[in-house]
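Under the working numbering, the first residue of the sequence shown carries the number 1, and numbering increases by one thereafter.
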Amino acid sequence: MRSLRLRLYALGARLTIRPLFSLTDDAKRDGDRLDRLASRFTHFVPYTLRLPRELGGRPALWLAGKGADPSKVILYFHGGAYFAGSPDTHAAMLARLSRYAGYPVFAQAYRLAPKYPFPAAFDDAIAAWDDLISRGYHPEDIIIGGDSAGGGLALALLATLCARRECPAALFAMSPWTDLTMSGRSVEEIGKSDDVIPSDRMTEAARAYVGEAEPSDPRVSPLFAAFDHPPPVYLQIGSPEVLEDDTYRMAERLRKSGGEVLVQTWDGAPHVWHLGELWVPEARDALKQIANFVQTSFDKVSR
């Protein structure tokens, strides 16, 4: 049974985030509105080192909980439908994740649509990875993570890295957006009533990000990518929510590629409920599960 706080969080998301989740002729304004809303709920997680840095030629945040081991790192890509969000909007959640996992999180502010359509975000993600490698990290020292659009971006990056034989230790994603062709059944069946993301706005955001590319391009929609011997992948999804099919179909594709995939469904949880970690016990529990996956994955490659 979901907690009262989770139910209130879902209601709050429906009343505040959903109306702002639009893409009009002034997408920068829409993105700024979402960012301002997120900043109202941003808080400081005690015993966290928060440093503005640069990663892959882009602004970034280095977040490290007390005692975090800097010899390994979580490379993180934020959500926001490719037109909103930043490391700042996700900083509190990522700080708590670092605290639970015992490793720092490096979150990049990749370029956003519509000013910077595809392949800008993808190119920035590649640059972030290459930058970490140039700093002395080995692929097995890195775990990639992301939520929503950032989860899709992380998976698109993973496909490229597998082809380059540079797979990270593992990958995790929260409610990843993996199919910008919008062919998932849940987009149609749940999208009109989703607590956070209306499906018609997703279609607009997808068009703005894809630009002149094909939405089925595997660098845009990793659901259509080839994965050569992928590392372990952990996916979390709320239910019912608009990106359920994106998550389940992505898991099946990875399994067919020989990957080890765990999908965890949280009944009654809205899209990326993890952002409510200050108030919602289910958000903290989900982050602890991810932290355990991070620790286990790093332990496996260290043996």
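Note that the Cβ used here is the ideal one computed from N, Cα and C, for glycine as well.
Per-residue burial, residue i [other beta carbons within 10 Å of its own, 16 or more giving buried]
i: tyrosine 47; result: exposed
i: phenylalanine 118; result: buried
i: lysine 115; result: exposed
i: leucine 11; result: exposed
i: leucine 4; result: exposed
Residues that residue i bridges to, as DSSP identifies them
i: proline 59; result: Glu54
i: alanine 64; result: Leu49
i: isoleucine 144; result: Leu75 and Leu171
i: valine 301; result: DSSP output for valine 301 lists no bridge partner at all.
i: glutamine 108; result: Ala60 and Phe77
Alpha-carbon to alpha-carbon, residue j and residue i
i: serine 175; j: tyrosine 137; result: 28 Å
i: leucine 51; j: valine 263; result: 32 Å
i: phenylalanine 106; j: isoleucine 74; result: 6 Å
i: tyrosine 248; j: valine 187; result: 13 Å
i: glutamate 189; j: serine 216; result: 21 Å
i: proline 270; j: tyrosine 9; result: 8 Å
i: serine 71; j: arginine 99; result: 15 Å
i: cysteine 158; j: alanine 149; result: According to the sequence displayed, residue 158 carries leucine and not cysteine. Each residue's Cα considered, the two are about 14 Å apart.
i: serine 199; j: histidine 274; result: 21 Å
i: phenylalanine 172; j: proline 59; result: 22 Å
i: leucine 254; j: glycine 145; result: 16 Å
i: tyrosine 110; j: alanine 120; result: 8 Å
i: isoleucine 237; j: asparagine 292; result: 17 Å
Terminal residues of the alpha helix (DSSP H) in which residue i lies
i: methionine 174; result: First-last for methionine 174: 170–174, but that is the beta strand (DSSP E), not the alpha helix (DSSP H).
i: serine 3; result: Here serine 3 belongs to no alpha helix (DSSP H), and DSSP marks it neither H nor E.
i: serine 98; result: 91–101
Opening and closing residue of the beta strand (DSSP E) in which residue i lies
i: serine 239; result: 233–239
i: valine 263; result: 261–267
Residues of its chain near residue i, where Cβ-Cβ distance is below 7 Å and the 5 sequence neighbours each way are ignored
i: threonine 181; result: Pro215, Ser216 and Ser221
i: threonine 203; result: Met182
i: glycine 323; result: The requested residue 323 does not occur in the structure, where the chain is confined to residues 1 to 303.
i: lysine 288; result: Tyr100
i: alanine 251; result: Leu235, Val261 and Val263
Contacting residues, own chain, Cβ-Cβ under 8 Å from residue i (five flanking each side not counted)
i: arginine 7; result: Gly268
Beta-carbon contacts of residue i that lie in its chain and below 6 Å, excluding the five residues immediately before and after
i: leucine 161; result: Cys167
i: tryptophan 279; result: Arg5
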